[in-house]
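Residue numbers (my numbering), protein chains in the order written: chain L, 1 to 286; chain F, 1001 to 1300; chain R, 2001 to 2371.
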């Protein structure tokens, strides 16, 4: 890369980050400022609003329930959606628009209307199967579909799926090996992003849990927030920070499973394919 | 399983018809799940829109007394407008941010921070987001007061924050992070070889973007923009907190019609509106498909 | 021989024990005799003690749409739990009355259906088929116009529509017309959407009555808000505790008992109830016919209408329905009663027909008026 171009790129990057940084961080800053205000214009700043959060007894149960839901939903998403998308790309390319539309419907119907349709189903589940909050995972998987599909689709477009899978199959790999050892390591960014979106969606979801009378994280937060004006904002900022730290930790986990994908961009050529196939053959023998 | 046996098993060619029937089983889990948890609720919504309070069939909700009432049509147009603008602006801004991130260190802290923050903010909305903007640039905020003291009164012609343009701006707050998250894998797929090839053929940056990277990224970009449009179209919690003008956007109308306390709840009409939203997105998707076909016909 | 006499003695002893145990059982209150689901009063259930025992046995209570800062419900819920040890599950705290009865229908048959609801009068009257009749101990203290004759719904607390304001940001309000002045630019808001929220609708009714309209004619109220919008004084966002504290909505049309809670964020917060437009409204309690915890539900009603419960509502700034009787008996919390906003005019209570008519008019004309 020429130094002039490198310079232009850096200027562009700095400009983008500064503008976006201001746009996104300033509102959060004002929320934090508001949550530390005292009781009147002259009262000193305090952290009472933040302390109220810690004093709430049911918050920890709600946090744990939401985290469990996040894990279940993300795993279910990867197990259900990714193989289907790979399968459609390989065998049924005509169906790809259909799958795309199906995965977009949950987004087009507002949650408040969709939950009306889901209520009879949930009533059946609650009476006949299970009453616990974890049954929300069924609905959350549907809500996550649009985002997961789009993130995984962008990742699938960036790799040459047909060649990779045919190479692996011709070298003796079963479909499980193809998925786990060939496709997924090449899509680690996309899978990570889809997972991040799923976790964030589950942690931020309010409407379904509320209308089905479950107490997840956001419902508990809404309740805490009604105690006091400053607390309502403090609790929102706290939940944002909580989700952010969680996702940051997750992002560090993601990187370890990509033995062949170097430096992010799938810098891929024939040598890589051979290397991959070599890895596959080595394991298929056991 | 020995290597030889594995190779034989994989290498055996499938007979024509047997291959198709085996392949279909791969799709069954997905379709069963979506049938149960997506199509069934949607069918319940549609049936609800076609029945009245006593349970008998009616088309009232789709006629001139239903969704074709002038105030509902106006809210539909307003929704479309907000969704189109926030979708487009969000897509472009998000693409720029994604590119800025992708060109950095792929294992660096900056990239991880931006992707994690984007994941969180993409789901942020509702009363708190509306309040955050009101507290930041609303009429009683520090920024507005300071600017007014310096002579710049940006609410001189009315407080636009509380109107459709304000909603659009606030929607960008979750549209841009969503774009970053869904578009980043595509940007990651840009290979340095393309740039080198363009330069070795005598092209400059403009040629590169116009003829090489641009067209290759366009299908993904359009798909992500469509997602943003649909996301904005069905978002309502933020607008609900911001505006008490009788639901200027469709999802607010749906919410009003379902949960009104003043006794004006009309669930049938709400469901008809929800169904109309699905139809709108179906139309937009068809346009998007046509566009895709034109721009990607040489990709495969 | 010895076995025979031993058996006879043992037999007599055992029989005596059984008789004693049976006597002891029935005198202990007999939870078996309390069929809470069909009990229409505490005596039906064998007395308050057996009701309490049955409720404790159930161990839980499902309530819905009870924000902790609404008429002091936070203290009421914790008071109930402290007194009886029954866990209260509070769902959908921001829900509307319609959402409460929807939840009864949608969660029917599950363990999470609401046991009791606190709804606006309109929703109460429209949904009596969902409720179970129950007469609380203080039944006689409640006026017949404020309860359904068999106890399907009973009014619990009420208040008057007021205009709360922050005196440090705006001048004192002495009449509704003052709000059109330039000192109130970009400062006046409602606490909800009048086409959807009962509270906001009553705010518009107040504006109408204060401007020459009446309970039957809400058009003057819609016109008034149109004028407010033209003058640039109307803020179209939903006023909440946060927006009041942030200074975005220093003037807010709200029920007086909700308005008093802003006093903890803004010292000196005042509430103005116009003498010529004193619009009042009451909410109503009802028990779910298919409540998953029927005894706990009925015990909750007893608690709410007891002196303790009614005084807690009074502390929250609401006017409890047994207030007159408690003042006579001296059980009222005098300090809390004195802290209520002063009412100088004649209270007017819109009937359900008037509310419906107003609601229809507002729904058709509001968006034109304020956009």
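We put the beta carbon where it would ideally sit given N, CA and C, even for glycine.
Cβ of residue i within 8 Å of Cβ of residue j?
{"i": "residue 201(L)", "j": "residue 144(L)", "result": "yes"}
{"i": "residue 2265(R)", "j": "residue 2241(R)", "result": "yes"}
{"i": "residue 301(L)", "j": "residue 137(L)", "result": "It is not possible to answer for residue 301(L), since the shown part of chain L is limited to 1 through 286."}
{"i": "residue 2156(R)", "j": "residue 2273(R)", "result": "no"}
{"i": "residue 248(L)", "j": "residue 1112(F)", "result": "yes"}
{"i": "residue 47(L)", "j": "residue 53(L)", "result": "no"}
{"i": "residue 2201(R)", "j": "residue 2362(R)", "result": "yes"}
{"i": "residue 1189(F)", "j": "residue 93(L)", "result": "no"}
{"i": "residue 1229(F)", "j": "residue 1284(F)", "result": "yes"}
{"i": "residue 2073(R)", "j": "residue 2052(R)", "result": "no"}
{"i": "residue 1173(F)", "j": "residue 1129(F)", "result": "yes"}
{"i": "residue 1167(F)", "j": "residue 1122(F)", "result": "no"}
{"i": "residue 146(L)", "j": "residue 110(L)", "result": "no"}
{"i": "residue 203(L)", "j": "residue 86(L)", "result": "no"}
{"i": "residue 1079(F)", "j": "residue 1279(F)", "result": "no"}
Look up residue i in the DSSP assignment and give the residues it is bridged to.
{"i": "residue 2348(R)", "result": "2279(R)"}
{"i": "residue 1051(F)", "result": "1057(F)"}
{"i": "residue 2271(R)", "result": "2164(R)"}
{"i": "residue 2043(R)", "result": "None; residue 2043(R) has no bridge partner."}
{"i": "residue 2147(R)", "result": "2154(R)"}
{"i": "residue 2252(R)", "result": "2164(R), 2189(R)"}
{"i": "residue 1192(F)", "result": "None, per the DSSP bridge assignment."}
{"i": "residue 2214(R)", "result": "2217(R)"}
{"i": "residue 2120(R)", "result": "2283(R)"}
{"i": "residue 2319(R)", "result": "2158(R)"}
{"i": "residue 2131(R)", "result": "2288(R)"}
{"i": "residue 2234(R)", "result": "2188(R)"}
What's the C-alpha gap between residue i and residue j?
{"i": "residue 259(L)", "j": "residue 142(L)", "result": "Per-residue confidence for residue 259(L) stands at a pLDDT of 35, beneath the threshold of 50, marking its modelled position as unreliable; no derived number is given."}
{"i": "residue 2278(R)", "j": "residue 2169(R)", "result": "25 Å"}
{"i": "residue 2222(R)", "j": "residue 2235(R)", "result": "15 Å"}
{"i": "residue 2262(R)", "j": "residue 2317(R)", "result": "12 Å"}
{"i": "residue 2024(R)", "j": "residue 2050(R)", "result": "Low per-residue confidence applies at residue 2024(R): pLDDT is 41, beneath 50, and the placement is therefore not dependable, though the value from the model is reported in the following sentence. Near 15 Å, if we compare the C-alpha coordinates of residue 2050(R) and residue 2024(R)."}
{"i": "residue 1131(F)", "j": "residue 1037(F)", "result": "34 Å"}
{"i": "residue 1076(F)", "j": "residue 1083(F)", "result": "10 Å"}
{"i": "residue 1275(F)", "j": "residue 96(L)", "result": "23 Å"}
{"i": "residue 185(L)", "j": "residue 2244(R)", "result": "52 Å"}
{"i": "residue 2287(R)", "j": "residue 2302(R)", "result": "11 Å"}
{"i": "residue 1106(F)", "j": "residue 1099(F)", "result": "12 Å"}
{"i": "residue 2343(R)", "j": "residue 2135(R)", "result": "30 Å"}
{"i": "residue 2165(R)", "j": "residue 2182(R)", "result": "15 Å"}
{"i": "residue 176(L)", "j": "residue 1183(F)", "result": "27 Å"}
{"i": "residue 123(L)", "j": "residue 2248(R)", "result": "42 Å"}
{"i": "residue 2333(R)", "j": "residue 218(L)", "result": "37 Å"}
{"i": "residue 1057(F)", "j": "residue 1047(F)", "result": "9 Å"}
{"i": "residue 2280(R)", "j": "residue 2082(R)", "result": "32 Å"}
{"i": "residue 2220(R)", "j": "residue 2194(R)", "result": "14 Å"}
Please list, in chain order, all residues of the same chain as residue i whose beta carbon is under 8 Å from its beta carbon, the five residues on each side excluded.
{"i": "residue 129(L)", "result": "135"}
{"i": "residue 2368(R)", "result": "none"}
{"i": "residue 2356(R)", "result": "2122"}
{"i": "residue 1015(F)", "result": "Residue placement at residue 1015(F) cannot be trusted, given a pLDDT of 47 that sits under 50; the coordinates are not used to answer."}
{"i": "residue 2226(R)", "result": "2369, 2370"}
{"i": "residue 2125(R)", "result": "2153, 2352"}
Kindly list the residues whose CB is nearer than 7 Å to the CB of residue i, restricted to its own chain and excluding five residues on each side of it in sequence; keep chain order.
{"i": "residue 2307(R)", "result": "2326, 2331"}
{"i": "residue 74(L)", "result": "195, 198, 199"}
{"i": "residue 1139(F)", "result": "1155, 1159"}
{"i": "residue 1095(F)", "result": "1179, 1183, 1221"}
{"i": "residue 1044(F)", "result": "none"}
Short of 6 Å in beta carbon distance, which residues of its chain neighbour residue i, apart from the five on each side in sequence? Order them along the chain.
{"i": "residue 56(L)", "result": "224"}
{"i": "residue 1136(F)", "result": "none"}
{"i": "residue 2058(R)", "result": "2293, 2295, 2296"}
{"i": "residue 2054(R)", "result": "2031, 2034, 2036, 2295"}
Length at least 4, wholly inside the stretch 2054-2105 of chain R: the alpha helix (DSSP H) runs in chain order: 2073-2084
Segments assigned alpha helix (DSSP H), at least 4 residues, entirely inside the stretch 24-71 of chain L: 48-54
Those runs of the alpha helix (DSSP H) which lie wholly inside the stretch 1132-1157 of chain F and span at least 4 residues: 1142-1149
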